[in-house]
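*Asks:* Numbering-wise, numbering that gives the first Met the number 0 puts 66 at position 67 of the sequence shown, and it's gapless, one number per residue.
The structure is given below, and queries will be raised subsequently.
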Amino acid sequence: MSSRHEIELVVNGEKRRCAVPGRTHLADLLRDELGLTGTHLGCEQGVCGACTILLDGEPVRSCIVLAAQVDGHAVTTIEGVSAPDGALSPVQEAFCHRHALQCGFCTPGMVLCAGALLDRVHHPTREQIDEALGGNICRCTGYVQIREAIEDVANSAAHHHAGGATVGAGEVR
Numbered sequence: 000m001s002s003r004h005e006i007e008l009v010v011n012g013e014k015r016r017c018a019v020p021g022r023t024h025l026a027d028l029l030r031d032e033l034g035l036t037g038t039h040l041g042c043e044q045g046v047c048g049a050c051t052i053l054l055d056g057e058p059v060r061s062c063i064v065l066a067a068q069v070d071g072h073a074v075t076t077i078e079g080v081s082a083p084d085g086a087l088s089p090v091q092e093a094f095c096h097r098h099a100l101q102c103g104f105c106t107p108g109m110v111l112c113a114g115a116l117l118d119r120v121h122h123p124t125r126e127q128i129d130e131a132l133g134g135n136i137c138r139c140t141g142y143v144q145i146r147e148a149i150e151d152v153a154n155s156a157a158h159h160h161a162g163g164a165t166v167g168a169g170e171v172r
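Right, here's the structure in full:
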């Protein structure tokens with residue numbers, strides 16, 4: 000018999016209460032129960048980075064985190080990155096402008112990792128960018144355009160005037 004856990008978390012700025020079996024992974028909760036299918040499942044072993052979300056602002060592989068572990072925490076998925084009016088974040092805009100996505104499977108994880116990096120380090124070096132993306136596998140782009148997109152955001156005046164806010168879910172509703 001599987002234990003059930005009552006959890007409360009903030010997902011993309013919205014408080015959510017869920018009852019989850021003890022063995023439910025966060026990725027499954029997000030996708031199956033909350034309908035946030037932008038969190039992709041690839042290897043399901045925490046290696047490919049497709050399931051990356053932000054947990055309290057830090058990139059985490061949601062396929063290896065149990066949903067019960069996020070009780071009391073804030074989760075941001077790719078659905079929570081754009082503005083409430085649907086405007087893309089600076090990182091999303093740069094990915095589009097630089098053609099930093101092809102099949103799109105890795106893109107949500109890449110965008111979240113890039114945004115978290117830029118929120119911590121306003122002018123990352125190429126090595127810092129590579130380190131931030133190191134756990135995310137892309138089989139299509141060769142990473143060049145992804146790096147260029149991140150550098151574009153780092154060098155943009157809008158990034159500096161917004162206090163670096165490149166990714167996030169906004170206020171708790």
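Glycine included, C-beta positions come from ideal geometry on N, C-alpha and C.
Bear in mind that the values here come from a model prediction, so they are computed numbers and not experimental data.
Roughly how many angstroms separate the alpha carbons of Phe104 and His39, rounded to a whole number?
*Replies:* Counting from one through the sequence shown, the residue named residue 104 turns up at place 105. Counting from one through the sequence shown, the residue named residue 39 turns up at place 40. About 7 Å.
*Asks:* How far does the alpha helix (DSSP H) with Pro58 in it reach, from first residue to last?
*Replies:* Taking the first residue of the sequence shown as 1, we reach residue 58 at position 59. Looking at the DSSP string, Pro58 is not in any alpha helix (DSSP H); the run it does join, the beta strand (DSSP E), is 57–60.
*Asks:* Pull up the distance between the alpha-carbon of Gly45 and that of Met109, whole angstroms please.
*Replies:* Within the sequence shown, numbered from 1, the residue matching residue 45 stands at position 46. Within the sequence shown, numbered from 1, the residue matching residue 109 stands at position 110. Computed Cα separation, rounded: 14 Å.
*Asks:* According to DSSP, is Ala113 helix, strand or coil?
*Replies:* Counting from one through the sequence shown, the residue named residue 113 turns up at place 114. Ala113: helix per DSSP, three-state reduction.
*Asks:* Taking only the alpha-carbon atoms, compute the straight-line gap between Arg146 and Cys47 and give it to the nearest angstrom.
*Replies:* Start at 1 with the first residue of the sequence shown, and residue 146 comes out as number 147. Start at 1 with the first residue of the sequence shown, and residue 47 comes out as number 48. Their backbone Cα atoms lie some 18 Å apart in a straight line.
*Asks:* Within 8 Å (strictly less), CB to CB, does Ala73 reach chain C?
*Replies:* Of the protein chains in this structure there is only one, and it is not chain C.
*Asks:* Hey, would you say Glu112 sits closer than 8 Å to Ala82, going by beta carbons?
*Replies:* Along the sequence shown, one-based indexing puts residue 112 at 113. Along the sequence shown, one-based indexing puts residue 82 at 83. Looking at the sequence itself, residue 112 is Cys, so the reference to Glu does not match. No, Cβ-Cβ distance for Cys112 and Ala82 is not below 8 Å.
*Asks:* In terms of DSSP beta bridges, what is Thr51 paired with?
*Replies:* Locating residue 51 in the sequence shown gives position 52, where the first residue counts as 1. In DSSP, Thr51 forms a bridge with Arg60.
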